[in-house]
C-alpha cells in the first residue's frame with residue numbers, strides 16, 4: 001500500500017518549506033546570541049585591558065588593571081579572605097546542601113509522615129524573595145534572639161549584624177542563611193527525579209529482598225546522579241559569581257570578613273563605570289581558573305554516569 | 001515510557017525518623033523568623049523599640065497590636081529615580097515589577113520554547129550544534145560579563161529601557177532549554193506526520209498541535225521564571241535605574257533612613273518588606289499546585 005502524501009506537495013518542496021520555517025524562527029535568537037553572548041564576551045576580554053576615565057572615556061591600558069589586581073587585591077589579606085569565603089560557602093552548600101537535599105528528597109519520595117507539608121514548606125524559600133527572607137532573618141537573629149538571651153540568661157549579646165560586631169560570627173550567620181535557603185529547590189528537583197524512576201525496578205528489587213539501604217544505594221542514587229552532577233557543575237560555575245546574600249545583608253558596606261569574590265565583582269559594577277574594566281579583568285582571571293576545573297569535573301562526573 | 005512510581009507510604013526506619021526530625025527543625029527554622037517578624041510588624045513600635053534597645057522584659061513582653069507600621073511603611077516607601085527625578089510609590093514599584101517580570105520571563109520562555117521545539121523536532125545537524133552549544137554554555141563559566149553587557153546596551157543606545165530587557169532576554173540559554181527539548185522529543189512524531197498529510201503548515205503544526213500539548217510545562221516554567229525575576233532586584237537595579245522595582249524598594253527601605261529615622265525601626269521595616277512582597281506571595285498561593293508540579297532535571301551531556 002502506498003504511504004499517503006501531504007496535500008499538494010512533494011518531499012522536496014516539503015523539505016524546502018521545513019528549512020525556510022526553521023531558518024525564519026532561528027535567525028533572530030541567533031543574532032541575539034552573536035551580539036549578547038559572543039559580542040559581550042569578546043568585549044569583556046577587550047575591557048580587561050582598558051580603563052575608564054570620566055573625561056576621556058574608555059582607553060587602552062594594558063597595565064592598570066593588572067597592577068590593580070596584583071597590588072590592590074592579591075597582596076592584601078582582604079582578597080584572600082574573599083577567596084576563602086567563596087570556597088567555604090561552596091563547600092558548605094555542596095556538602096551539607098547536597099546531603100540534606102538527597103535525604104529530604106528521599107523522605108518525600110517515600111511519602112513518609114508529613115511529606116506533603118514538607119514539600120510545600122521546602123518550596124517557600126524559592127518563592128519568597130531573598131531580600132524578604134533576609135529582613136526576617138536579620139531582625140529575628142539580630143534583634144529577637146539577643147533580646148531573649150538577655151531576658152533568659154542575663155547575658156548582653158550584641159546584634160551580630162551591626163558593623164561593630166564580630167565579623168566571624170556575622171559571616172557564619174550569613175553562610176548558615178545561604179545554606180538554609182539554598183538547597184530547598186535542589187530537594188524538590190531530586191524528589192521529582194525520584195518520582196520518575198520506573199516502579200518495576202523498585203518492585204524487582206523488593207522481590208529480590210533488597211533492604212531500604214540497598215534500594216537507595218543501588219537504584220535511587222544512580223538514577224538521581226545526573227541531576228546531582230548538574231548541581232555540582234553549575235555550583236562550580238557560580239563559584240566566583242555568587243555573592244551569597246552578602247549584598248542583601250550588608251549592602252555596599254560589607255567588611256573584608258563578609259565579602260566574597262562574587263560580591264566584589266558585583267559591587268565593582270554597582271559603583272559605576274570606573275569599576276567596569278576592573279570587573280572585566282577580575283572576571284577574566286576567574287574564568288581562566290574555572291574553565292579547566294569545570295571541564296575536568298564534568299568529564300569525571302560523566303564517566304561516573306556511564 | 002517509564003511508569004510513574006507512586007509508592008505507598010512506607011514505615012520510616014531509623015534514617016527516615018532522623019530525616020523527619022531534621023525536616024521538622026528545618027521547617028521550624030523557616031517558620032520561626034516568619035512568625036516572629038509578622039508579630040513584630042503588628043507590634044506598637046515604641047513598645048517594640050524599648051523591648052529591644054533596653055533589652056527589657058521588666059514590664060513584661062511589650063506587645064501592643066497596631067497596624068500603624070504598615071501605614072507608615074506605605075506612606076514612606078517612595079523612591080525618586082536619579083535620572084528622571086520622578087518619585088514612585090508602592091503602586092508604581094508594583095507596576096515596574098510586573099512589567100519587568102512579564103517582559104523578561106515572557107520573552108525568554110517564548111524564545112526558549114520555540115528554539116527548543118526546532119531543535120527537538122527538526123533533525124538537522126545544526127540542531128545538534130545548538131543543543132551542544134547550550135550544554136557547553138551551562139558548563140563553561142564566563143565571569144565578569146555584567147559590565148560588558150551594560151556597556152553593550154549603552155553602545156546600542158537602548159540602556160535603561162524596557163525594550164532593552166526584551167532584547168537581553170531574547171535568548172534560549174539555560175537549563176529549561178534542555179527540559180523543553182526533552183519534552184518536545186517525547187511527543188510522538190506521528191502527530192506531525194498526520195498533520196502534514198492533511199496539509200497543515202509548519203507554523204500551524206507548532207502552534208495548534210505541539211504547543212498545546214506542552215502548554216502545562218511552558219506555563220509552569222513561565223511562572224517559575226516570573227517569580228525569579230520578581231525577586232531579583234540586583235539585575236533590575238543595574239539595568240533599569242529609572243524604574244525601581246518592588247524588591248529594590250525593600251532593599252532601599254532597609255538601607256535608607258526616612259521620616260526622621262522612623263523607617264529604620266524594625267517593625268516598620270518588616271511591615272514594608274511584607275507589603276512589597278505581598279503580590280508574589282499571592283501568586284504563589286494561587287498557583288502553588290502547578291508550581292510544585294515537578295520540573296525535573298536530567299544530566300548535562302554534550
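Protein chains in written order, with our numbering: chain Y, 1 to 306; chain V, 1 to 302. Just so you know, even glycine gets a beta-carbon here, dropped at the ideal spot from N, CA and C.
(request) Report buried or exposed for residue 246 of chain V, applying the criterion of at least 16 other Cβ atoms within 10 angstroms of its Cβ. (result) It counts as buried.
(request) Report the residue ranges of all alpha helix (DSSP H) runs contained in full by the region 100-162 of chain V; include only those spanning at least 4 residues, in chain order. (result) 125-139 and 145-156
(request) Compute the Euclidean distance between the alpha carbons of residue 288 of chain V and residue 253 of chain V, then round it to the nearest angstrom. (result) 29 Å
(request) Note down, one range per segment and in chain order, each alpha helix (DSSP H) of at least 4 residues found wholly within the region 234-260 of chain V. (result) 246-255
(request) Note down, in chain order, every chain V residue with its Cβ under 8 Å from the Cβ of residue 34 of chain Y. (result) Per Cβ cutoff of 8 Å: no residues; residue 34 of chain Y is ~11 Å from chain V at best.
(request) Could you spell out the range, first to last residue, of the alpha helix (DSSP H) harbouring residue 40 of chain V? (result) 14-41
(request) With distances taken Cα to Cα, identify the nearest neighbour of residue 291 of chain Y among Y:224, Y:238 and Y:168. (result) Y:238
(request) Using beta-carbon positions only, say whether residue 52 of chain Y and residue 276 of chain Y come within less than 8 Å of one another. (result) yes
(message) For the region 268-279 of chain Y, list every residue whose C-beta sits within 9 Å of some C-beta in chain V, in sequence order.
(response) 268, 269, 270, 273, 275, 276, 277, 278 and 279
(request) Indicate whether at least one CB of chain Y lies closer than 8 Å to the CB of residue 106 of chain V. (result) No, because no Cβ of chain Y sits closer than 8 Å to the Cβ of residue 106 of chain V.
(request) Report buried or exposed for residue 67 of chain Y, applying the criterion of at least 16 other Cβ atoms within 10 angstroms of its Cβ. (result) exposed
(request) Compare the beta carbon distance of residue 101 of chain Y and residue 190 of chain Y with 8 Å and say whether it is the shorter of the two. (result) yes
(request) Kindly indicate if chain V contains any beta-carbon less than 8 Å away from that of residue 12 of chain Y. (result) no
(request) Let me know the secondary structure DSSP gives residue 178 of chain Y once reduced to three states. (result) Reduced to three states, the DSSP call for residue 178 of chain Y is helix.
(message) What would DSSP say about residue 56 of chain V, mapped onto helix, strand or coil?
(response) Unreliable placement is indicated for residue 56 of chain V, whose pLDDT of 42 sits below 50; the coordinate value is still reported in the next sentence. It is coil, neither helix nor strand.
(request) Going by CA-CA distance only, name the one from V:291, V:146, V:278 and V:266 that's closest to residue 135 of chain Y. (result) V:266
(request) Go through its chain and collect everything with a Cβ distance to residue 214 of chain V's Cβ below 6 Å, but skip five positions before and after it. (result) 183
(request) Look at the alpha carbon of residue 232 of chain V and the alpha carbon of residue 127 of chain Y, and state the distance between them as a whole number of angstroms. (result) Whole-angstrom Cα-Cα distance: 11 Å.
(request) Grab me the residues of residue 202 of chain Y's own chain with a C-beta within less than 8 Å of its C-beta, minus the 5 sequence neighbours each way, in chain order. (result) 215 and 219
(request) Quick one: list the residues of chain V neighbouring residue 101 of chain Y, beta-carbon separation under 9 Å, in chain order. (result) Correct list: empty, because the minimum Cβ distance to chain V is about 11 Å.
(message) Cβ closer than 8 Å: which chain Y residues qualify as neighbours of residue 23 of chain V?
(response) 104, 107, 114 and 118
(message) Classify residue 191 of chain V: buried if its beta carbon has 16 or more other beta carbons within 10 angstroms, exposed otherwise.
(response) Its Cβ having fewer than 16 others within 10 Å, residue 191 of chain V is exposed.
(request) For residue 205 of chain Y, decide whether its Cβ has a neighbour in chain V, counting only Cβ atoms nearer than 8 Å. (result) Taking a beta-carbon distance threshold of 8 Å, residue 205 of chain Y does not count as an interface residue toward chain V.
(request) Can you pull the chain V residues whose beta carbon is under 7 Å from the beta carbon of residue 29 of chain Y, in chain order? (result) 111, 115, 170, 171 and 172
(message) For residue 80 of chain Y, report the span of its alpha helix (DSSP H) as first-last.
(response) Its alpha helix (DSSP H) spans residues 77-92.
(request) Determine which residues of the region 84-104 of chain V have a Cβ less than 9 Å from any Cβ of chain Y, and write them out in chain order. (result) none
(message) Check for me: the alpha helix (DSSP H) holding residue 115 of chain Y runs from which residue to which?
(response) 115-127
(message) Please report the distance separating the alpha-carbon of residue 98 of chain Y from that of residue 236 of chain Y.
(response) The alpha-carbon atoms of residue 98 of chain Y and residue 236 of chain Y are separated by roughly 14 Å.
(message) Is there a C-beta anywhere in chain Y that falls below 8 Å from the one on residue 120 of chain V?
(response) No, its Cβ sits nowhere closer than 8 Å to a Cβ of chain Y.
(request) Give every residue of the same chain whose Cβ lies closer than 6 Å to the Cβ of residue 153 of chain V, excluding the five residues on either side of it in the sequence, and list them in chain order. (result) 159 and 164
(request) Keeping to the same chain, check which residues put their C-beta closer than 6 Å to that of residue 81 of chain V; ignore five residues upstream and five downstream. (result) The beta carbon of residue 81 of chain V sits closer than 6 Å to those of 242, all from its chain and outside the five residues before and after it, given in chain order.
(request) Could you tell me which uninterrupted alpha helix (DSSP H) segments, each at least 4 residues in length, are contained entirely in the region 68-104 of chain V, listed from first to last along the chain? (result) The qualifying runs are 68-76.
(request) In the DSSP assignment, find the alpha helix (DSSP H) that holds residue 230 of chain V and state where it starts and stops. (result) 211-231
(message) Can you tell me which residues form a DSSP beta bridge with residue 170 of chain Y?
(response) DSSP output for residue 170 of chain Y lists no bridge partner at all.
(request) Note down the Cα distance separating residue 78 of chain Y from residue 41 of chain V, rounded to an integer number of angstroms. (result) 38 Å
(message) Please list, in chain order, the chain B residues whose beta carbon lies closer than 7 Å to that of residue 130 of chain Y.
(response) Although the question refers to chain B, the structure presented lacks it and instead comprises the protein chains Y and V.
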